[in-house]
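What follows is a set of notes on a single structure, which appears directly below.
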Amino acid sequence: MSSEWPSVPVEDVCELIVDCVNKTAPVVSEATPYRMIRTTNVRSGRIDLSECRYVDQTTYEKWTRRARLEVGDVVLTREAPIGEVGLVQDAMGVFLGQRLMQYRADRRVLEPRFLLYSFLSPELQHQFGSHEGSGSVVSHIRVGDCFRFMLRLPPLEVQSQIADILGALDDRITLLRETNATLEAIAQALFKSWFVDFDPVRAKAEGRSPNGMDEATAALFPDGFEESELGLVPRGWSLRPLASAYDINPKRQLKKGASAPYADMASAPTSGHGISGHVVREAGSGSRFINGDTLLARITPCLENGKTAFVDFLADDEVGWGSTEFIVLRPKAPLPAFHAYLLCRHAPFRDFAIQSMSGTSGRQRVQNDILGRYPIAVPSTNVAEAFASIVDALWQRVAANNRQAQTLATLRDTLLPRLISGQLRLPEAEVESLEVIA
1 MSSEWPSVPV EDVCELIVDC VNKTAPVVSE ATPYRMIRTT NVRSGRIDLS ECRYVDQTTY
61 EKWTRRARLE VGDVVLTREA PIGEVGLVQD AMGVFLGQRL MQYRADRRVL EPRFLLYSFL
121 SPELQHQFGS HEGSGSVVSH IRVGDCFRFM LRLPPLEVQS QIADILGALD DRITLLRETN
181 ATLEAIAQAL FKSWFVDFDP VRAKAEGRSP NGMDEATAAL FPDGFEESEL GLVPRGWSLR
241 PLASAYDINP KRQLKKGASA PYADMASAPT SGHGISGHVV REAGSGSRFI NGDTLLARIT
301 PCLENGKTAF VDFLADDEVG WGSTEFIVLR PKAPLPAFHA YLLCRHAPFR DFAIQSMSGT
361 SGRQRVQNDI LGRYPIAVPS TNVAEAFASI VDALWQRVAA NNRQAQTLAT LRDTLLPRLI
421 SGQLRLPEAE VESLEVIA
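So the sequence shown is numbered by the UniProt record's numbering: it starts at 1 and just counts up by one.
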């Protein structure tokens, strides 16, 4: 039980605790084998390497003189924000940027994953907050304090059992997220094939049967192209500027001061579609949206980083609001609502939006009038409905996976503090977790 578990300073059970180099590493524009982890890459127990910045070999060698990362190391952000934690699972050519601490467990007495979950527990998160440095505009944890955090230390076998239970939940959540990424990739590929490359039309024009569709669906597509004011388009379709095919920042009724769901820029993902961590607050100035709208970041570097979301978390007939730096997009008939989200994830469109930005350095924004000129291929109603039917089925699977992932995350967050503190016996925790996973 917890009363039998000693509390020890983290420095007593780690073989290595290292502060990062406290200056900005010079980055390069091209991809290299050397990637820098920033505080923004560390979230909720995970380290996302998809948005890392690159450096050359010389910089990597200089920034890893103190220590190199190894698989199983735990990373802690000590500033902007404080207390985010991640487990290193890929250490090849990866190093720490500013405001990060590296912990390497002494595996003779401390299981690395138990250290991770200890850092994620309310008890340690409270310690991180209590060690917040004063006298500075920016909240931070002093480097010296990063050696003194107190951990409850059960026997190594118990640590492993606790880590296995929580890890199984996290593994299942990760699998659901990966499945959703695959489903979204399928939808994105279909969007590009039908509305950008016009593959079914080209196939029929060449006397071939379109790949991957039945005869009834293939019959909906024309077998040739025609000229339009904006360029070549499948016969019977139209090529319209985005401002004609979509509503840009459509008016939604929500009075100032009314309580409503709020999404800030931080809640918009760089990959995937779902808003995370929205809150309810009194409405002020900002964007307004309903389910089915797409939110596109219009300011640098959020746009370049991929901040985009499809709104599906509101109640029926509910209006939400968010950052003033969102552009709200809603396709007009016959295009389905998620057409806008898939467009915003389409690389050529994002490049066009980025090129439309203007303003002072570091505060550049997309210009709506220029964005509104982007050409959109608008198909026949029958083709649009066929596309909607296919993608809606994919979206339903994504939504179901999201619900299951949220259930698992809630269970994990409930079990974690009780397990780390010793309040919950292991057999009871195993039963609770197995019931949900099954």
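Glycine included, each C-beta is placed from N, C-alpha and C at the ideal position.
Q) Does DSSP classify Arg172 as helix, strand or coil? A) On the sequence shown, position 172 is the one that residue 172 refers to. Three-state result, Arg172: helix.
Q: Determine the burial state of Ser361: buried for a count of at least 16 other Cβ atoms within 10 Å of its Cβ, exposed for fewer.
A: For the purposes of this step, residue 361 is identified with residue 361 of the sequence shown, where counting begins at 1. Under the 10 Å beta carbon count, Ser361 is surrounded by fewer than 16 other beta carbons and is classified as exposed.
**Q.** Secondary structure of Gln406, DSSP reduced to three states
**A.** Against the sequence shown, residue 406 aligns to sequence position 406. Gln406: helix per DSSP, three-state reduction.
Q. Cα-Cα, which of Pro348, Ala266, Tyr341, Glu226 is closest to Arg43?
A. Position 43 of the sequence shown holds residue 43. Of Pro348, Ala266, Tyr341, Glu226, the residue nearest in Cα terms is Ala266.
Q) Counting only runs that start and end within the stretch 212-252, where is the alpha helix (DSSP H) found for 4 or more residues in a row? A) Listed in chain order, they are 215-218, 242-245.
(Q) If I follow the unbroken alpha helix (DSSP H) through Val201, where does it start and stop? (A) Along the sequence shown, read from residue 1 onward, the residue named residue 201 stands at position 201. 199-205 is the span of the alpha helix (DSSP H), which, as asked, contains Val201.
Q.
Our contact map puts Leu76 next to Met101 with C-beta atoms below 8 Å; I'd like the distance itself, whole angstroms only.
A. Taking the first residue of the sequence shown as position 1, residue 76 is located at position 76. Taking the first residue of the sequence shown as position 1, residue 101 is located at position 101. Between the beta-carbon of Leu76 and that of Met101 there is about 4 Å, and that keeps the pair under the 8 Å contact cut.
Q. Can you tell me the Cα-Cα spacing of Thr407 and Val279, whole angstroms?
A. As a first step, residue 407 must be located in the sequence shown, where it is residue number 407. As a first step, residue 279 must be located in the sequence shown, where it is residue number 279. Cα to Cα, the separation comes out at about 18 Å.
Q: Using three-state DSSP, classify Ile162 as helix, strand or coil.
A: Counted from its first residue, the sequence shown places residue 162 at position 162. In the three-state reduction of the DSSP assignment, Ile162 falls in the helix class, which pools H, G and I.
Q) Do Arg298 and Arg365 have their C-beta atoms closer together than 7 Å? A) Along the sequence shown, one-based indexing puts residue 298 at 298. Along the sequence shown, one-based indexing puts residue 365 at 365. Contact: yes.
Q: Give the C-beta separation of Gly359 and Thr324 to the nearest angstrom, bearing in mind that I take them to be a contact with Cβ-Cβ under 8 Å.
A: As a position in the sequence shown, residue 359 is number 359, starting the count at 1. As a position in the sequence shown, residue 324 is number 324, starting the count at 1. Rounded, the Cβ-Cβ distance is 14 Å, inconsistent with contact.
**Q.** Range covered by the beta strand (DSSP E) that runs through Phe326
**A.** As a working mapping, residue 326 is identified with position 326 in the sequence shown. That run of the beta strand (DSSP E) goes 326-331.
Q: Please look up how many angstroms separate the CB atoms of Gly45 and Leu87, rounded, as I've assumed it's under 8 Å.
A: Along the sequence shown, one-based indexing puts residue 45 at 45. Along the sequence shown, one-based indexing puts residue 87 at 87. Correct: roughly 7 Å between the Cβ atoms.
Q. If we ignore side chains and look at the alpha-carbon of each, how far apart do Gly292 and Ala245 end up?
A. Here the question's residue 292 lines up with position 292 in the sequence shown. Here the question's residue 245 lines up with position 245 in the sequence shown. Going by the C-alpha atoms only, they are around 15 Å apart.
Q: Would you tell me roughly how many angstroms separate the C-alpha atoms of Pro348 and Trp194, rounded to the nearest one?
A: Numbered from 1 along the sequence shown, position 348 holds the residue referred to as residue 348. Numbered from 1 along the sequence shown, position 194 holds the residue referred to as residue 194. Near 15 Å, if we compare the C-alpha coordinates of Trp194 and Pro348.
**Q.** Alpha carbon of residue 467 to alpha carbon of Ser7, nearest angstrom
**A.** Look at the range of the chain in this structure, 1 to 438, and you will see that residue 467 is not part of it.
Q | Segments assigned beta strand (DSSP E), at least 3 residues, entirely inside the stretch 79-162 | A | Correct list: 82-87, 94-96, 100-105, 150-152.
Q.
Between the stretch 259-277 and the stretch 385-393, can you find at least three pairs of beta-carbon atoms closer than 8 Å?
A. No, the stretch 385-393 is not in contact with the stretch 259-277.
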